[in-house]
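**Q**
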Amino acid sequence: MSDVNITIIDRDGVSHTIPAPTDMAMSLMEIVRAYELVPEGTIGICGGMAMCASCQCYILSEDIPLPEMLPDEEMMLDEAYNVKPNSRLGCQIPVTEELEGLIVELAPEV
Ligand code: FES
Numbered sequence: 101m102s103d104v105n106i107t108i109i110d111r112d113g114v115s116h117t118i119p120a121p122t123d124m125a126m127s128l129m130e131i132v133r134a135y136e137l138v139p140e141g142t143i144g145i146c147g148g149m150a151m152c153a154s155c156q157c158y159i160l161s162e163d164i165p166l167p168e169m170l171p172d173e174e175m176m177l178d179e180a181y182n183v184k185p186n187s188r189l190g191c192q193i194p195v196t197e198e199l200e201g202l203i204v205e206l207a208p209e210v
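In terms of my numbering, the sequence shown has 169 at position 69, counting the first letter as 1, and numbering is strictly consecutive.
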């Protein structure tokens, strides 16, 4: 089992650096849920289908390679609130070894 360390700033501005497993096919959204960094029911509402934007986060680290945005994610972010140039949907980012050191901030609840 191999973990990467990810720093997630929650919606109250509290920073959590947590180990995230790379071998369990989890997304960044699922990590936030697993660690209960936000109240239940406020993230992952669509089940990770890029259809709700409840998992929106801001990518604060610039040197971490992330997967390209697919059309579904792009379309959802076009319609979402509080979108910034560094917005991504956490459900569309699988936890892989490349994410070591990633820093993200969760977007406000909508
Ligand atoms: S969980 Fe719904 S868009 Fe990510």
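No residue lacks a Cβ here, since even glycine has one placed at the ideal position from N, Cα and C. Bear in mind the structure is a predicted one, so any value in this text is a computation, not a measurement.
What did DSSP end up calling E140 once you bin it into helix, strand or coil?
**A** Against the sequence shown, residue 140 aligns to sequence position 40. Coil.
**Q** Entirely within the segment 131-208 and at least 4 residues each: give me those alpha helix (DSSP H) ranges in chain order.
**A** Taking only runs of at least 4 residues, the alpha helix (DSSP H) segments lying wholly in the segment 131-208 are 171-179.
**Q** Within 7 Å: the Cβ of L137 and any heavy atom of the ligand FES?
**A** Numbered from its first residue, the sequence shown carries residue 137 at position 37. Because no heavy atom of the ligand FES lies under 7 Å away, the Cβ of L137 does not count as near it: no.
**Q** Rounded to whole angstroms, what's the CA-CA distance from V210 to D112? Just pull it up for me.
**A** Mapped onto the sequence shown, residue 210 falls at position 110. Mapped onto the sequence shown, residue 112 falls at position 12. Whole-angstrom Cα-Cα distance: 14 Å.
**Q** Specify whether the segment 159-179 and the segment 136-143 touch according to this definition: at least 3 beta carbon pairs, one from each stretch, less than 8 Å apart.
**A** No contact exists between the segment 159-179 and the segment 136-143.
**Q** Could you check if I145 belongs to the surroundings of the ligand FES, using beta carbon to heavy atom distance under 7 Å?
**A** The residue you call residue 145 lines up with position 45 of the sequence shown. It does: the Cβ of I145 is within 7 Å (strictly closer) of some heavy atom of the ligand FES.
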